[in-house]
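Notes follow once the structure below has been shown.
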Amino acid sequence: MRWISCIAIQASSTWNHDVSRIAFYPMPGNEARAKGIAQALSTRADVGLGACAVHHFPDGESLAQIQPPEPGAQAVLVCTLNQPDAKTVPLLMAAATLRDLGAASVGLVAPYLAYMRQDKRFLPGQAISARVYARWLSAHFDWLLTVDPHLHRIRALPQIYTLRSRVLRAAPRMAAWIAANVANPLIVGPDGESAQWAADVAGRAGAPMVVLEKTRLGDKDVRVTVPDLRRHAGRTPVLIDDIISSGRTLVAALERLREAATPPPVCVAVHGLFAGDALAAIREAGAARVACTDTVDHPVEAIDLTSDLAQGVLDMILPVAGHGAPPFPSIGQGAEP
1 MRWISCIAIQ
11 ASSTWNHDVS
21 RIAFYPMPGN
31 EARAKGIAQA
41 LSTRADVGLG
51 ACAVHHFPDG
61 ESLAQIQPPE
71 PGAQAVLVCT
81 LNQPDAKTVP
91 LLMAAATLRD
101 LGAASVGLVA
111 PYLAYMRQDK
121 RFLPGQAISA
131 RVYARWLSAH
141 FDWLLTVDPH
151 LHRIRALPQI
161 YTLRSRVLRA
171 APRMAAWIAA
181 NVANPLIVGP
191 DGESAQWAAD
201 VAGRAGAPMV
211 VLEKTRLGDK
221 DVRVTVPDLR
231 RHAGRTPVLI
241 DDIISSGRTL
251 VAALERLREA
261 ATPPPVCVAV
271 HGLFAGDALA
281 AIREAGAARV
291 ACTDTVDHPV
301 EAIDLTSDLA
311 QGVLDMILPV
321 AGHGAPPFPS
331 IGQGAEP
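Going left to right, the sequence shown walks through residues 1 to 337 as UniProt numbering numbers them.
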């Protein structure tokens, strides 16, 4: 196995900190994300970027290999958890190996956190995946930093995660993007579950909001009802959701909005998973533009959360209030302690 190139960034002499070296380890596919966070912290902490390689054997097993951390280093694995079944076993191996190799702590930056939607037993015998996955991660990491997990029946991560956790809110960045790119917006929640994100963005953007009514008929079959929009005539609908997966909810909403003769809508979401032909289907249904944050790699990354993630890492490694590090300049980052 070959190591990816590593960087060692020296701490700023202007900040008298007492934190051990922070060693970022990107899981495969997360190299640019980890490097961006490390560089954002480079003037404020003693930061390094280590390497993690994953080998896949012909029989389907995998093997993680980690560049050993410096003694006392605070290790941070960076792995966004779309396509989680392929990523989770190597991730847990990497975390356990870092601890074996002497890391003082092992944290996880997972901008997208998987398995949050199956938060109850909908049918007899079904796994409550959110709780199972939480137990796995909690057993291997000291802390977790993520962005807008799909919290619905589970109201907060500490209900199922026993590690320290912090949730970053993308709404401030999304609202700023809308203000800069959409004239006269009408914020639209495509269903009841999206209302919490739509309301947050609408409040920050100073825009009116409506929520559509959705009936799910199957994994890829939904029915959407649009309220009377006459008092919002001329406004550009901006559909807001936390996750775009199959895209069927947005497609149904776009079709109903087209029937209502609104201006071409814009779709903005936190996590762009875009399963199958979802992005093409959304565009074909009439979206003027699709924009998501960079929590997952995809063609419509328009909203950068790097500085928010960097501040979040610092907050997790320096958990005591007033411990030293001033916050990054921000437009209103929100977080769940």
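Glycine included, each C-beta is placed from N, C-alpha and C at the ideal position.
Values in this document were obtained by computation on a predicted structure and should not be read as measured data.
I'd like to know whether the C-beta atoms of residue i and residue j end up nearer to each other than 8 Å.
{"i": "Leu108", "j": "Phe57", "result": "no"}
{"i": "Leu97", "j": "Ala64", "result": "Here residue 97 turns out to be Thr, not Leu, going by the sequence shown. Taking 8 Å as the Cβ cut-off, Thr97 and Ala64 qualify as a contacting pair."}
{"i": "Leu239", "j": "Pro111", "result": "no"}
{"i": "Ile243", "j": "Cys267", "result": "no"}
{"i": "Pro208", "j": "Thr236", "result": "no"}
{"i": "Cys52", "j": "Ala94", "result": "yes"}
{"i": "Pro227", "j": "Arg204", "result": "no"}
{"i": "Leu49", "j": "Ala34", "result": "yes"}
{"i": "Leu279", "j": "Pro265", "result": "no"}
{"i": "residue 343", "j": "Val222", "result": "With the chain covering only 1 through 337, there is no way to say anything about residue 343."}
{"i": "Val201", "j": "Ala175", "result": "yes"}
{"i": "Cys79", "j": "Leu91", "result": "yes"}
{"i": "Ser194", "j": "Asp148", "result": "no"}
{"i": "Leu229", "j": "Val251", "result": "no"}
{"i": "Pro84", "j": "Ala114", "result": "yes"}
{"i": "Leu41", "j": "Val313", "result": "yes"}
{"i": "Ala170", "j": "Ile303", "result": "yes"}
{"i": "Met316", "j": "Trp143", "result": "yes"}
{"i": "Trp177", "j": "Ala261", "result": "no"}
{"i": "Gly286", "j": "Arg258", "result": "yes"}
{"i": "Met116", "j": "Leu151", "result": "yes"}
Just grab the DSSP bridge partners of residue i for me.
{"i": "Ile66", "result": "Cys52"}
{"i": "Arg223", "result": "Thr215"}
{"i": "Phe24", "result": "Leu49, Val76"}
{"i": "Met316", "result": "Met316 is not bridged to any residue."}
{"i": "Leu186", "result": "Pro237"}
{"i": "Met209", "result": "Ile187"}
{"i": "Ala291", "result": "Val268"}
{"i": "Glu301", "result": "Cys292"}
On the CB-based measure, 16 or more other CB atoms within 10 Å of its CB, does residue i come out buried or exposed?
{"i": "Ala86", "result": "exposed"}
{"i": "Asp100", "result": "exposed"}
{"i": "Gly276", "result": "exposed"}
{"i": "Asn30", "result": "buried"}
{"i": "Pro299", "result": "exposed"}
{"i": "Asp297", "result": "exposed"}
{"i": "Gln311", "result": "buried"}
{"i": "Asp18", "result": "A caution first: Asp18 carries a pLDDT of 43, below 50, which makes its placement in the model unreliable, though a value can still be read off. With fewer than 16 Cβ atoms within 10 Å of its Cβ, Asp18 is classed as exposed."}
{"i": "Asn184", "result": "exposed"}
{"i": "Ser62", "result": "exposed"}
{"i": "Gly36", "result": "buried"}
{"i": "Thr293", "result": "buried"}
{"i": "Thr225", "result": "exposed"}
{"i": "Gly125", "result": "exposed"}
{"i": "Val182", "result": "buried"}
{"i": "Ala139", "result": "exposed"}
{"i": "Thr215", "result": "exposed"}
{"i": "Ala156", "result": "exposed"}
{"i": "Ala127", "result": "exposed"}
{"i": "Pro28", "result": "exposed"}
{"i": "Val132", "result": "exposed"}
{"i": "Arg2", "result": "Because Arg2 carries a pLDDT of 33, less than 50, the predicted location of this residue cannot be relied on, and the following value inherits that uncertainty. When all chains shown are included, Arg2 counts as exposed."}
Quiz item: Are the stretch 271 to 278 and the stretch 57 to 66 touching, with three or more C-beta to C-beta distances below 8 Å?
Solution: no
Quiz prompt | Contact between the stretch 65 to 83 and the stretch 18 to 38 (3+ Cβ pairs under 8 Å) | solution = yes
Quiz item: Using 8 Å as the threshold, is the stretch 158 to 167 in touch with the stretch 188 to 197, meaning 3 or more CB pairs across them?
Solution: no
Quiz item: What runs of the beta strand (DSSP E), each 3 residues or longer, lie entirely inside the stretch 226 to 288?
Solution: 236 to 244, 266 to 272
Practice problem: Could you say if the stretch 119 to 131 and the stretch 164 to 173 meet the contact criterion of at least three C-beta pairs nearer than 8 Å? | Solution: no
Quiz prompt | Secondary structure, beta strand (DSSP E): runs of 3+ residues fully inside the stretch 100 to 178 | solution = 105 to 110, 143 to 147, 164 to 169
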